[in-house]
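Visitor: Before anything else, here's the structure in question.
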Amino acid sequence: MLPILLLLSIISLIIIAAMSIYGFCIGAPILFSPKKTTIESLLICQAKPDEKFYDLGAGTGRSMLIAYKKFGLNTHGFELSPVLAFVAKYNLWIHGVKNSTIHLKNFYNANFSDADIVFCFLTPKAMLRLKNKFEKELKTGTRIISYAFNIPDWTPEKIITSGHPGKIYYYLKK
Ligand SMILES: C[S@@+](CC[C@H](N)C(=O)[O-])C[C@H]1O[C@@H](n2cnc3c(N)ncnc32)[C@H](O)[C@@H]1O
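Sequential numbering of the sequence shown, starting at 33, is according to this note's numbering.
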């Protein structure tokens, strides 16, 4: 029994490591934004119940949980790693989150046209790649929060520099 458990643990660790490396190469590593950063981001956006919140790279669903619990948002998370997507689904289910969907999907292949609020905690490379997608797909008035990294060539409505380990960039799609 013990060797089987050990083998399963090693396989799980290898899968997590492989997905982390893949995620890092094409989007962002597995890190979590601080809870108060997500709350402040949604306050800046003046998030209203039932608006559509898109978390690009949902991780364990932490930001989605806050978006639902504190603001009543309808949440969609995109996650590349099956392990994290599973944890996120479980996390949302155990906390009784309704109106939420975890898409086990590369967010570059998703369509963002009905998003009201887009949340990113990614990398400079990912923000550069997303910039074109945002320009093509997002509707006018969509609010975008990027934690830690700016959208190249876009002018933020606001940058919050204090009280958080990284800057919060707030944009409005024109
Ligand atoms: C820095 S974490 C942010 C997690 C969460 N949004 C938060 O703020 O706590 C980035 C997440 O994006 C995922 N990711 C990276 N590139 C992705 C892609 N192209 N499509 C979907 N998920 C991606 C990673 O697996 C990782 O879980």
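Glycine included, each C-beta is placed from N, C-alpha and C at the ideal position.
1) Residue 95: beta carbon under 7 Å from a heavy atom of ligand 1?
2) Quick check: does the Cβ of residue 162 come within less than 7 Å of any heavy atom belonging to ligand 1?
3) Residue 141 by DSSP, collapsed to three states: which one?
4) Using the three-state DSSP reduction, which class does residue 150 fall into: helix, strand or coil?
5) Excluding sequence positions up to five away, which residues of its chain have a Cβ less than 7 Å from the Cβ of residue 104?
6) Beta strand (DSSP E) containing residue 111: first to last residue?
7) Return the first residue and the last residue of the beta strand (DSSP E) that residue 92 is part of.
8) Please check the pair residue 143 and residue 107, which I expect to be a contact at CB under 8 Å, by giving their CB distance rounded to whole angstroms.
9) Determine the DSSP secondary structure at residue 190, reduced to helix, strand or coil.
10) In the structure shown, what three-state DSSP assignment does residue 181 receive?
11) Whose C-beta lies closer than 6 Å to the C-beta of residue 196 among residues of the same chain, with five residues either side of it excluded?
12) Going by DSSP, what residue range makes up the alpha helix (DSSP H) through residue 73?
13) Nearest CA to the CA of residue 181: which residue from 76, 115, 161?
14) Under 8 Å between the Cβ atoms of residue 110 and residue 124?
15) Please confirm whether any heavy atom of ligand 1 lies closer than 7 Å to the CB of residue 87.
Guide: From the atom records:
1) Position 63 of the sequence shown, counting from 1, holds the residue named residue 95. Indeed, a heavy atom of ligand 1 lies less than 7 Å from the Cβ.
2) Taking the first residue of the sequence shown as 1, we reach residue 162 at position 130. For ligand 1, not one heavy atom lies less than 7 Å from the Cβ of residue 162.
3) For this step, residue 141 is matched to residue 109 along the sequence shown. Note: residue 141 maps to helix in three-state DSSP.
4) Reading the sequence shown from its first residue, position 118 is the one you call residue 150. In the structure shown, residue 150 sits in a strand (DSSP, three-state: E or B).
5) Walking along the sequence shown from the start, residue 104 turns up at place 72. Excluding sequence neighbours, residue 104 sits near 81, 82.
6) Taking the sequence shown and counting its residues from 1, one reaches residue 111 at position 79. For residue 111, the uninterrupted beta strand (DSSP E) segment begins and ends at 106-111.
7) Position 60 of the sequence shown holds residue 92. Annotation: residue 92 is outside any beta strand (DSSP E) and is labelled neither H nor E by DSSP.
8) By one-based count along the sequence shown, residue 143 stands at place 111. By one-based count along the sequence shown, residue 107 stands at place 75. Between residue 107 and residue 143 the Cβ distance is about 16 Å, and since that is not below 8 Å, they are no contact.
9) Against the sequence shown, residue 190 aligns to sequence position 158. Correct three-state label for residue 190: strand.
10) Position 149 of the sequence shown holds residue 181. If DSSP states are grouped into helix, strand and coil, residue 181 belongs with coil.
11) Reading the sequence shown from its first residue, position 164 is the one you call residue 196. The residues are 69.
12) Position 41 of the sequence shown, counted from the first residue, corresponds to residue 73. Unbroken alpha helix (DSSP H) run through residue 73: 67-76.
13) For the purposes of this step, residue 181 is taken as residue 149 along the sequence shown, with counting starting at 1. Checking every option, the nearest Cα to that of residue 181 belongs to 161.
14) For this step, residue 110 is matched to residue 78 along the sequence shown. For this step, residue 124 is matched to residue 92 along the sequence shown. Note that the C-beta distance between residue 110 and residue 124 is not below 8 Å.
15) In the sequence shown, the residue the question calls residue 87 occupies position 55. Relative to ligand 1, the beta carbon of residue 87 is positioned inside 7 Å of a heavy atom.
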